[in-house]
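> What follows is a single structure, and I will ask about it in a moment.
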Amino acid sequence: MRSTLLLRLEARRAFATFARPEITPQPLYWRNIPKWSESKNIVEPSRLFDFLSTTVPETIPSASSTSTLTRHELIDDITAGIKKAPMSVRITPHLFSSIDWQAPLQDPIFHQLIPLSSRLEEDHPKLDLDPLHESADMPIPGLVHRYPDKALFLTTAVCPVYCRFCTRSYAIGSPTPTVSKQRPWKASKRREGALIATGSKQCSWRVPSYWESVFEYLQDTAEVNDVVISGGDTFYLQPEHLRYIGERLLEIPHIRRFRFASKGLAVCPSRFLDPADDWASTLIDLSRSGRSYGKEVALHTHFNHPKEITWITRLAAQRLFANGLIVRNQSVLLRGINDDVNTMSTLIRQLADINIQPMYVYQADMVKGTEDMRTPLSTALYLENRIRGTIAGHKMPAFVVDLPGGGGKRLVTSFETYDPETGISTFKAPGVKGDKIFSYYDPLRKTG
1 MRSTLLLRLE
11 ARRAFATFAR
21 PEITPQPLYW
31 RNIPKWSESK
41 NIVEPSRLFD
51 FLSTTVPETI
61 PSASSTSTLT
71 RHELIDDITA
81 GIKKAPMSVR
91 ITPHLFSSID
101 WQAPLQDPIF
111 HQLIPLSSRL
121 EEDHPKLDLD
131 PLHESADMPI
141 PGLVHRYPDK
151 ALFLTTAVCP
161 VYCRFCTRSY
171 AIGSPTPTVS
181 KQRPWKASKR
191 REGALIATGS
201 KQCSWRVPSY
211 WESVFEYLQD
221 TAEVNDVVIS
231 GGDTFYLQPE
241 HLRYIGERLL
251 EIPHIRRFRF
261 ASKGLAVCPS
271 RFLDPADDWA
281 STLIDLSRSG
291 RSYGKEVALH
301 THFNHPKEIT
311 WITRLAAQRL
321 FANGLIVRNQ
331 SVLLRGINDD
341 VNTMSTLIRQ
351 LADINIQPMY
361 VYQADMVKGT
371 EDMRTPLSTA
381 LYLENRIRGT
391 IAGHKMPAFV
401 VDLPGGGGKR
411 LVTSFETYDP
421 ETGISTFKAP
431 GVKGDKIFSY
441 YDPLRKTG
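Residue numbers for the sequence shown follow the UniProt record's numbering, beginning at 1 and rising by one.
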């Protein structure tokens, strides 16, 4: 275990890469927070309510600051919201400590994770629990093969946090009062499948049996050269799982690149700095191995608001950058959270400043139970138009819509037709589904 002095020196060295003459050493708070311990996450509503009852002031401002409500009114609102939401509540200690509990209704992190009954809106009739029709594009359980040369490997059904707007609400997390989860693949289980062998050392972790079928499919499907490893969230996998997946993919000659999808950098950045944890080190090792094969290994993460980028995030991102790991970000456009020019452009710039490539800004998927979070297509078009040209071109993310019904990602500007009055836009995806027409529907309540 490295000394506290050495860790502080490393923190100073990492911060020195930013254009700041003096940095006051920050407390090593990750030693006091069980970063990834499942037992310490806020999972049960009772734990959340216990916290709120002792921490939130008796009176808090409303979202608009024009009125107030009591702590008990907030708890009642959350209680009713949880009963209606498609996703369970799960929050890491890092994110929990990032929320402003003196004014939670004005906090952008709070609204991404905790449902309020008073905020929920009537669903558009076209909303679906599986809006992208991933199940229809699964040739085998756990693998989505929609694009000709790319596949999506779903390795787990668990995440360190559950986003209210999750596009896989049909499968991810625990069942809720409104959604019984349907998984075309099995989640990781410790006592399932064969023991992982990493080099000459055999560890105590097992892999789900369906993984082998996925590797066999990828081995036999020569047109696939790009693989996304997701879930759930790969942050929930053990380092041995990451290494096993990475080494298996590196051995397949026609696989030229793969990326691990994880929100971990946004929800638990301290794990990337803990010398006792090998998750980040394993990614770095795989990236180096990939270079020796002439292949690209990357991390795709998920930040939606500048507030999610903390000093510890910057340290974690610097470690990955210094070790040559490519990191890209995919944001979701969310009403009242990042749907204005200042917030979105600030997020893009701050990501670029810590060497995370702003890759995509997604139009929110048409998921049941998330109508209050969706924006009309016109908002994405406006933001793209206003922000482009103010940021270096290679740091400008693509604003995209993942077409309902399985058409894949298309630029928001590539619509065939769009009527802001009816809220209906149409797209084609010739490279994926030929001349088929796909429609996206704005929320029933127009905004922006």
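Every residue gets a Cβ at the ideal spot worked out from N, C-alpha and C, and that includes glycine. Being a predicted model, the structure only gives us computed values, none of them experimental.
#1: Please list the terminal residues of the continuous beta strand (DSSP E) segment that includes Ser230.
#2: Look at the Cβ atom of Asp419, then the Cβ atom of Gln363, and state whether they are nearer than 9 Å.
#3: Leaving out five residues before and five after Thr417 in sequence, what residues of the same chain have Cβ atoms less than 6 Å from its Cβ?
#4: Does the count of Cβ pairs from the region 68–84 and the region 111–128 closer than 8 Å reach three?
#5: Determine the contact status of Leu273 and Leu315, defining contact as a CB-CB distance below 9 Å.
#6: At the level of alpha carbons, what is the spacing between Asp442 and Leu69?
#7: Using the three-state DSSP reduction, which class does Asp358 fall into: helix, strand or coil?
#8: Looking only at DSSP bridge pairs, what is Ile60 linked to?
#9: Name the two residues that bound the continuous beta strand (DSSP E) containing Asp274.
#10: Taking the CB atoms as reference points, tell me whether Lys263 and Pro160 lie closer together than 9 Å.
#11: So, with DSSP's three-state summary, where would you put His94?
#12: Quick one: Cα of residue 466 to Cα of Tyr162, how far?
#13: Whose C-beta lies closer than 7 Å to the C-beta of Ser39 among residues of the same chain, with five residues either side of it excluded?
#14: Using the Cα positions of His145 and Arg259, report the straight-line distance between them to the nearest angstrom.
#15: Under 9 Å, do Val89 and Lys368 count as touching if we go by C-beta distance?
#16: In whole angstroms, what separates the C-alpha of Ile91 from that of Val224?
#17: Which residues in the same chain have their Cβ closer than 7 Å to the Cβ of Gly81, if we skip the five residues on either side of it in sequence?
#18: How about Pro61 and Leu105: do their beta carbons lie closer than 9 Å?
Checking against the coordinates, here is how it stands:
#1: Its beta strand (DSSP E) spans residues 226–230.
#2: No. Outside cutoff.
#3: Taken in chain order, the residues that qualify are Thr426.
#4: Put simply, the region 68–84 touches the region 111–128. At least three CB pairs are less than 8 Å apart.
#5: Contact flag set, yes.
#6: One C-alpha to the other measures close to 31 Å.
#7: Contrary to the premise, residue 358 reads as Pro rather than Asp in this sequence. Assignment of Pro358 by DSSP, reduced to helix, strand and coil, places it in the strand class.
#8: BP columns for Ile60 point to Leu69.
#9: Asp274 -> no beta strand (DSSP E), and no H or E assigned at all.
#10: Less than 9 Å separates the beta-carbon of Lys263 from that of Pro160.
#11: In this structure, His94 counts as helix in the three-state DSSP scheme.
#12: The structure shown does not extend to residue 466, since the chain spans only 1 to 448, so no value can be given for it.
#13: Any answer about Ser39 is weak, because its pLDDT of 47 lies below 50 and its placement is not dependable; what the coordinates show is given next. Closer than 7 Å at the Cβ level, and outside the excluded window around Ser39, lies no residue.
#14: Looking at the two C-alpha atoms, the distance is approximately 15 Å.
#15: No, they are not a contact pair.
#16: Roughly 35 Å between the two C-alpha positions.
#17: Correct list, in chain order: Pro115, Leu116, Ser117, Leu120.
#18: The Cβ atoms of Pro61 and Leu105 sit closer than 9 Å to each other.
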